[in-house]
Structures are given as C-alpha cells and as structure tokens.
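Colleague: Below is one structure. I have some questions about it.
There are 2 protein chains.
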Amino acid sequence: MIGQKILIVDDEPDIVDLLAYNFKKQEMAVFSANNGKEAIEIAKKQHPEVILLDVMLPDIDGMEVCEELRKDRNLKNSLILFLSARGEDYSQIAGYKVGADDYIVKPVKLKVLTEKIRTLLERRNEEPLGNITSTNISIDANRYTVSKDGAESIIPKKEFELLTLLMSKPEKVYRREEILEQIWGVKTFVGDRTIDVHIRKLREKFGQTIIKTVKGIGYKFEDNP
Amino acid sequence: MIGQKILIVDDEPDIVDLLAYNFKKQEMAVFSANNGKEAIEIAKKQHPEVILLDVMLPDIDGMEVCEELRKDRNLKNSLILFLSARGEDYSQIAGYKVGADDYIVKPVKLKVLTEKIRTLLERRNEEPLGNITSTNISIDANRYTVSKDGAESIIPKKEFELLTLLMSKPEKVYRREEILEQIWGVKTFVGDRTIDVHIRKLREKFGQTIIKTVKGIGYKFEDNP
DNA sequence: AAGGTTTCTTAACATAGAATTAATCTAAAC
DNA sequence: GTTTAGATTAATTCTATGTTAAGAAACCTT
Chain A
1 MIGQKILIVD DEPDIVDLLA YNFKKQEMAV FSANNGKEAI EIAKKQHPEV ILLDVMLPDI
61 DGMEVCEELR KDRNLKNSLI LFLSARGEDY SQIAGYKVGA DDYIVKPVKL KVLTEKIRTL
121 LERRNEEPLG NITSTNISID ANRYTVSKDG AESIIPKKEF ELLTLLMSKP EKVYRREEIL
181 EQIWGVKTFV GDRTIDVHIR KLREKFGQTI IKTVKGIGYK FEDNP
Chain B
1 MIGQKILIVD DEPDIVDLLA YNFKKQEMAV FSANNGKEAI EIAKKQHPEV ILLDVMLPDI
61 DGMEVCEELR KDRNLKNSLI LFLSARGEDY SQIAGYKVGA DDYIVKPVKL KVLTEKIRTL
121 LERRNEEPLG NITSTNISID ANRYTVSKDG AESIIPKKEF ELLTLLMSKP EKVYRREEIL
181 EQIWGVKTFV GDRTIDVHIR KLREKFGQTI IKTVKGIGYK FEDNP
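Written as structure tokens, this is what we have:
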C-alpha cells in the first residue's frame, strides 16, 4: 500500500497514534483529524485514497461527515471505513446507505484492518471506471475510446474530457464558466474561444446535433435517436 | 519429489543433517547453509525449487534473507518455508508479507513437512501463475519468456514487467502515472522519458503496433491479429 | 577483483499533433 | 438593423512523446 494517502479521524489520540504508526510503516502518507470539521477540511485538500472515520466524533456525526465527503468529486472513489465501538450497532445499517465502504468494530485489529483495506483497494482498482452510454454514442473511460455507430475512435484529451463532462449529465446545460472550472481548473485563464473550438471538433466528429448551444449560457449534450 | 533441488538453512547442524538425510532419500539434490550470507549465495547460484529457512540465523535475519531471495528472478517462484522455534510467533505475521509460502514450527515433524512441501509444489505446478496470451504474442511469467510467432525470447526485466502490465488488460489505457506506480513504485522518481524508452524497445522487438499511444494519457496494448 | 556485457536511466534534441489564439464571419435576440 | 455571442478558419504556440546516444549501474564470467 505504498504511496497512498490515508486520513485517520478519531477523537482518541491513542487510536490515531496507533493507526498512524502502523500505516506510516507501510509507507503511506498519513493525515489525521480529531473532529469532523477538521476531517472534512483535510480530506477536501488532500483527497486521500483511504479514510478511517470514527462514528462518534465530538462535533459532527461521523456519518454526516461521510455524506459530506462523498459530495466532493475527488473523494467519490476514496475508500471510507467506519470505526465504531462495539455497542453502536446502527452504524452497520446506516453506514452503507451513507456511502461508506465498510465498517470495523473496535477494538481494531491491525492485521484485519490492513488486510481489509488492501482487499478493497485492489477490488476498486480492478473496477472499470466511468462508462457512459447514450442512444447513439458511448464512452469507454478505461480505453479512452468513443464509439458511434459501431465505429470506435480515440480523440484528443481535451475533447474527450469535454465530451465526458457533457455526457455525464445529458440535457443538463453546462455554463461556460462551469466547463472551464471542471476541465481547465479554476486558476487557469484560457481564451474566450477555446471552448468553442473544442465543441466544434466534437461536432465535426460526431455530428452537429450531439451538442446543443444554449446561447448566453453554455452547452448541453443531447441524446437524439 | 524426485529431482528437485532443496536448500536447507539452519545454524544447528543436527537439524540440517536430519532434514538433509530425509530429502536425499527422496532423491532430491540437497544443499545446505548455516547462515544467511551463505544461503543467499547458494540460492542465487543453484536456484533451488524449495528453500527451508530458519528464522533465527547467526548473521542475517531469516526474513531479510527471504526478502533478498525474492528479488532474484530465478527464485521468484521457489517455495520458501520458514522454520521457527515455538516462541517466535512474530514470524507468522511478518512471514507472508516478506514472501514466504508457509512456515513450520519446530520441532519439525518430517512427515508433516514432506507432505506440506509436496502439496505446495503440486499447487504451484497446477497454477502456472501469470500466463498471458493474446492472438499473436504470449507471456510465460514463470519462465520469464515472451513468444511471438513461435519464437521465444527473454527480454529485460523492466520491459517484461511493462509488457505484462499492459497485456494483463488488453485495450485498457494505462496512464503514465499508473505505470510508474505499478512498476517503479510511488516513491521512486524516475525521469520523464524512461517509460517511453522501454515502450520503444518493446515496439522494436514485437512490432510498432502492439502498443498504442494515447496522447496525454498513456499507453495500451492492442491485440491486432 | 577485473573485464566485458547487458540493462536502466537520463539528457538532448526532433517532431507530430494538440491546444490556444486571433481574426473574421454568421446568426439569434433584442 | 444593430448588437453580441458564438462559429469558423487558419496560424501560432505548446506539449507530449519519439528518438538517439551516452553514462551509470547491475550482472556475469573468468
């Protein structure tokens, strides 16, 4: 588990220390928080691959924290594990609903925990990521291909990202602002016509009608059969 | 278990003798070492199929020896069994991390040991681990060979690993990041052009078309008949 | 240990193709 | 009909990768 980032959230310093020590030894980058607020803050900044989250926290409930974390794009695929004391059985039921991947009952056994994380991480990596399909065009994120009418093609990165974004929510109008933010990042300043050019390329390749202009606002993907 | 090479490593001559006698009777080629250094030396030269390794050695720790041995490509598939005195429970935990196949608590019972080895060897042979085949190229991970059009060749380690990675999921685009992580490990900082050079070597050897570049993303193996 | 060989990595440069911009044109909205 | 956002095109700049050669490191052989 070398190189992964892990965030440990618990209000008991002993537990945090123990776990931190263990995972540092495995060459993971360890972050820790003692409460929910802090946890959210760190997670959003570092987007760790693994998050261990105590259910009982002084400020926010662990499950609420979890819910909050899952809203962040960069944490969608993180592994979130609940830690709960023996009595708090409810976590089991609620846990999955809220989006945790698993839960561990304290006292934590390091070996078990480590193994669990390893297994889940492996499984995660194997899972095919992002595969979007509409009536007449489909994207395969693993292979970075776009298929239309059976013809598969590889398109440049920016075009691919743009198409993926629009197709991820068909019919939703993405404001130009929003597109810039998602694909170019917030800080980047890129000319006014840049998006247009990429849109044009996509239309050229997959037909004028797949992307509709909403003047003054932005663009949307249209699934026209 | 006829014809196999076995290396016995222990600092107690009695034990070595006993085991040696036993395995010679089974027509195995027996080698022995009294310390870690010697063990490594012999193992690298003889690459025995089976290695019995005492955890407590006068010089190097048995587990370190094991780790060292596993680095040798000819010993990757050897059967390594730890021998440990009853008290030394830690070997159990650390053992499999380090790459041992099993461990035996002393006093060794010959019949049990022999049976264990037999079973493990059989299982090993049954699962020719890592054997990837595509239409016109195939990898034999056990023997570290690559065959194309009937011609079998041995290629350098890094190239082999890279090819294996890409071929393990044909058509899947491996991001450069991902490749680095898998083959070089996250901690390693390796130059930007290193991957390219290895890719180039592979294309040189097996044809330009086997690996396709996905610009801005990474590479993928293509099975083109 | 010395010498030769192979493998790995790096640096430097070349190049193709991608991203961006600028300039100009078009059409929708008022 | 004027205005303005967007479309179009081509030129320009950038960037990722390809390529080569050379040095370092690992590996073998004697």
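Respectively, the protein sequence lines represent chains A and B.
Note that UniProt numbering has the first sequence beginning at 1, numbered continuously upward.
Note that UniProt numbering has the second sequence beginning at 1, numbered continuously upward.
C-beta atoms are modelled at their ideal positions from N, C-alpha and C, and glycine is treated no differently.
Return the CA-CA distance between residue 185 (chain A) and residue 133 (chain B), expressed in angstroms with no decimal places.
Modeller: The residue labelled residue 185 (chain A) in the question sits at position 185 within the first sequence. The residue labelled residue 133 (chain B) in the question sits at position 133 within the second sequence. About 41 Å.
Colleague: Using a Cβ cut-off of 7 Å, pull out every chain B residue sitting near residue 154 (chain A), in sequence order please.
Modeller: Taking the first sequence and counting its residues from 1, one reaches residue 154 (chain A) at position 154. 214, listed in chain order.
Colleague: Measuring straight from C-alpha to C-alpha, what distance separates residue 20 (chain A) and residue 45 (chain B)?
Modeller: Numbered from its first residue, the first sequence carries residue 20 (chain A) at position 20. Numbered from its first residue, the second sequence carries residue 45 (chain B) at position 45. Distance between the alpha carbons of residue 20 (chain A) and residue 45 (chain B) is about 41 Å.
Colleague: How many Å lie between residue 33 (chain B) and residue 160 (chain B) at the Cα?
Modeller: Walking along the second sequence from the start, residue 33 (chain B) turns up at place 33. Walking along the second sequence from the start, residue 160 (chain B) turns up at place 160. So the two alpha carbons sit approximately 32 Å from each other.
Colleague: Residue 175 (chain A) to residue 66 (chain B), Cα distance in whole Å?
Modeller: Residue mapping note: residue 175 (chain A) aligns to position 175 of the first sequence, counting from 1. Residue mapping note: residue 66 (chain B) aligns to position 66 of the second sequence, counting from 1. Computed Cα separation, rounded: 59 Å.
Colleague: Verify the CB distance criterion: does residue 21 (chain A) have a CB-CB separation below 8 Å to chain B?
Modeller: As a working mapping, residue 21 (chain A) is identified with position 21 in the first sequence. No, because no Cβ of chain B sits closer than 8 Å to the Cβ of residue 21 (chain A).
Colleague: Let me confirm a value: residue 143 (chain A) is counted as buried when at least 16 other C-beta atoms fall within 10 Å, else exposed. Which label applies?
Modeller: If you number the first sequence from 1, residue 143 (chain A) lands on position 143. Burial call: buried.
Colleague: Specify whether the segment 208-222 of chain B and the segment 162-178 of chain B touch according to this definition: at least 3 beta carbon pairs, one from each stretch, less than 8 Å apart.
Modeller: Contact holds: three or more Cβ-Cβ distances are below 8 Å.
Colleague: Below 7 Å between beta carbons is the criterion; list the residues of the segment 161-179 of chain B that meet it against any residue of chain A, in chain order.
Modeller: For the segment 161-179 of chain B, which is checked against every Cβ of chain A, the residues closer than 7 Å are 171, 172 and 173.
Colleague: Could you name the residues of the same chain whose beta carbon sits closer than 7 Å to that of residue 110 (chain A), not counting the 5 residues immediately before and after it, in chain order?
Modeller: On the first sequence, position 110 is the one that residue 110 (chain A) refers to. Counting only Cβ-Cβ distances below 7 Å, and skipping sequence neighbours, we find 22.
Colleague: Is residue 145 (chain A) helix, strand or coil by DSSP?
Modeller: Here residue 145 (chain A) is taken as the residue at index 145 of the first sequence, counted from 1. Correct three-state label for residue 145 (chain A): strand.
Colleague: Using a beta-carbon distance below 8 Å, is residue 143 (chain A) in contact with chain B?
Modeller: The residue you call residue 143 (chain A) lines up with position 143 of the first sequence. Judged by the 8 Å Cβ criterion, residue 143 (chain A) is in contact with chain B.
Colleague: If you draw a straight line from the C-alpha of residue 115 (chain A) to the C-alpha of residue 210 (chain A), how long is it?
Modeller: Sequence index remark: in the first sequence, residue 115 (chain A) carries index 115 (1-based). Sequence index remark: in the first sequence, residue 210 (chain A) carries index 210 (1-based). Their Cα atoms are separated by approximately 46 Å.
Colleague: Is residue 101 (chain A) near residue 120 (chain A), with beta carbons less than 8 Å apart?
Modeller: The sequence position of residue 101 (chain A) within the first sequence is 101, counting from 1. The sequence position of residue 120 (chain A) within the first sequence is 120, counting from 1. Their beta carbons are under 8 Å apart, which means residue 101 (chain A) touches residue 120 (chain A) by this criterion.
Colleague: Check the Cβ of residue 37 (chain A) against every Cβ in chain B and list those closer than 8 Å, keeping chain order.
Modeller: In the first sequence, counting from the first residue as 1, residue 37 (chain A) sits at position 37. In chain order: nothing, as chain B lies at least about 30 Å away.
Colleague: With a CB to CB cut of under 8 Å and the five nearest residues on each side skipped, what residues in its chain are close to residue 97 (chain A)?
Modeller: The residue you call residue 97 (chain A) lines up with position 97 of the first sequence. Its pLDDT being 49, under 50, residue 97 (chain A) is placed unreliably by the model, and nothing is read from it.
Colleague: Whole angstroms are fine: how far does the CA of residue 189 (chain B) sit from the CA of residue 5 (chain A)?
Modeller: The residue you call residue 5 (chain A) lines up with position 5 of the first sequence. The residue you call residue 189 (chain B) lines up with position 189 of the second sequence. So the two alpha carbons sit approximately 17 Å from each other.
Colleague: Distance cutoff 8 Å, beta carbons only. Does residue 226 (chain B) sit that close to anything in chain A?
Modeller: Residue 226 (chain B) falls outside the range modelled here, since chain B spans only 1 to 225, and no answer is possible.
Colleague: Starting from residue 17 (chain A), trace the beta strand (DSSP E) both ways and give me its first and last residue.
Modeller: The count along the first sequence starts at 1 and reaches residue 17 (chain A) at position 17. First-last for residue 17 (chain A): 13-25, but that is the alpha helix (DSSP H), not the beta strand (DSSP E).
Colleague: Only counting the same chain, and skipping five residues up and downstream in sequence, which positions put a Cβ closer than 8 Å to that of residue 164 (chain A)?
Modeller: For the purposes of this step, residue 164 (chain A) is identified with residue 164 of the first sequence, where counting begins at 1. If we look at residue 164 (chain A) and ignore the five residues flanking it on each side, its Cβ neighbours are 130, 132, 139 and 141.
Colleague: Reducing DSSP to helix, strand and coil, say where residue 175 (chain A) ends up.
Modeller: Within the first sequence, the letter at position 175 stands for residue 175 (chain A). DSSP places residue 175 (chain A) in strand when its eight states are reduced to three.
Colleague: For chain B, check one thing: does any of its Cβ atoms lie closer than 8 Å to the Cβ of residue 157 (chain A)?
Modeller: Looking up residue 157 (chain A) in the first sequence gives position 157. Yes, contact with chain B.
Colleague: Mark residue 43 (chain B) as exposed unless 16 or more other C-beta atoms lie within 10 angstroms of its C-beta, in which case mark it buried.
Modeller: In the second sequence, the residue the question calls residue 43 (chain B) occupies position 43. Burial call: buried.
Colleague: Please list, in chain order, all residues of the same chain as residue 13 (chain A) whose beta carbon is under 8 Å from its beta carbon, the five residues on each side excluded.
Modeller: On the first sequence, residue 13 (chain A) is found 13 positions in, with the first residue counted as 1. Excluding sequence neighbours, residue 13 (chain A) sits near 34.
Colleague: Which two residues bound the contiguous alpha helix (DSSP H) that contains residue 206 (chain B)?
Modeller: Taking the second sequence and counting its residues from 1, one reaches residue 206 (chain B) at position 206. Here the alpha helix (DSSP H) through residue 206 (chain B) covers 194-206.
Colleague: Expressed to the nearest angstrom, what Euclidean distance is found between the alpha-carbon atoms of residue 50 (chain A) and residue 29 (chain B)?
Modeller: Residue 50 (chain A) sits at position 50 when you count from the first residue of the first sequence. Residue 29 (chain B) sits at position 29 when you count from the first residue of the second sequence. Taking the straight line from one Cα to the other gives about 48 Å.
Colleague: Let me check one thing: in DSSP terms, what residues is residue 35 (chain B) bridge-paired to?
Modeller: Taking the first residue of the second sequence as position 1, residue 35 (chain B) is located at position 35. Answer by DSSP bridge pairing: none, since residue 35 (chain B) is not bridged.
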